[in-house]
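Quick notes on the structure that follows.
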Amino acid sequence: MGLFEKQALPALRRRAARLGACRKALDQWPRTREELCEFYFAYIGFCIEHDFPTCEYLKRHFDGLMQQHHIFVEGEFERRNPRRLSAGGSSRGTVRYDGYETGWVYARHNARLRVEAAEHAMVFVDVHDLAQVEVVGRSSHAVRIFRRGGVVRTQGRAEIAEQEEAR
């Protein structure tokens, strides 16, 4: 067990507790960086609401690993058919879905994201803060956008339902 697992993970857990994380999350707290990347998506609502962990923290402690788990906070990226993807910070990217794939995409902060859905893909896009998202629909598929902030543009032959969170 490395220094991060011995010191940083417990400190991060204490911070989550101070922010009001639920008992279940605290009881299931991860023991490794890899587990924390998966945990991030399991409790994405809390993470988004509290900006937890911050982009700076993720860059400092998870650079290289977070990208393998489809978590981006800076730089450019392209991915095809990820089950889940989080674009935050100043990241820029394109995410493509095709076939019978299903995915959840989260765009936050100042991220710029292009989401392409083709064939029979089903994609859920959650947009926050000042993120800018372009959704391109091709063929028969479904894209549902939950806009809680940011800017969303759509193009193509897509049946897109947009929902805004009541504030």
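For the sequence shown, my numbering gives the first residue as 297, with consecutive numbering after it.
C-beta: ideal position from N, C-alpha, C; glycine also.
For residue 372, name the three-state secondary structure that DSSP assigns.
strand
Run the CB neighbour count on residue 463, radius 10 Å, all protein chains shown included, and call it buried at 16 or more, exposed below.
Its pLDDT being 42, under 50, residue 463 is placed unreliably in this model, and the coordinates cannot settle the point.
Determine, using beta carbons only, whether residue 361 and residue 330 come nearer to each other than 8 Å.
yes
DSSP state of residue 463 mapped onto helix, strand, coil
At residue 463, the pLDDT of 42 sits below 50, so the modelled position is not reliable; the number obtained from the coordinates is stated separately. Correct three-state label for residue 463: coil.
I need the DSSP call for residue 313, collapsed to helix, strand or coil.
helix
Counting C-beta neighbours from all protein chains within 10 Å, is the total for residue 349 16 or more, i.e. buried, or is it exposed?
buried
What first and last residue would you give for the beta strand (DSSP E) that runs through residue 336?
Per DSSP, residue 336 belongs to no beta strand (DSSP E); it is in the alpha helix (DSSP H), 329-338.
What does the alpha-carbon distance come out to for the pair residue 300 and residue 367?
19 Å
To the nearest angstrom, how far is the alpha carbon of residue 401 from that of residue 303?
31 Å
At what residues does the beta strand (DSSP E) containing residue 410 begin and finish?
408-413
Same chain, Cβ closer than 6 Å to residue 388, neighbours up to 5 away in sequence not counted
372, 408
Check residue 418 in the structure and name its three-state DSSP category.
strand
Buried versus exposed call for residue 307 [16 or more other C-beta atoms within 10 Å across all chains shown]
exposed
Using the DSSP secondary-structure output, state which residues sit across from residue 382 in a beta bridge.
367, 402
DSSP three-state assignment for residue 298, whether helix, strand or coil
coil
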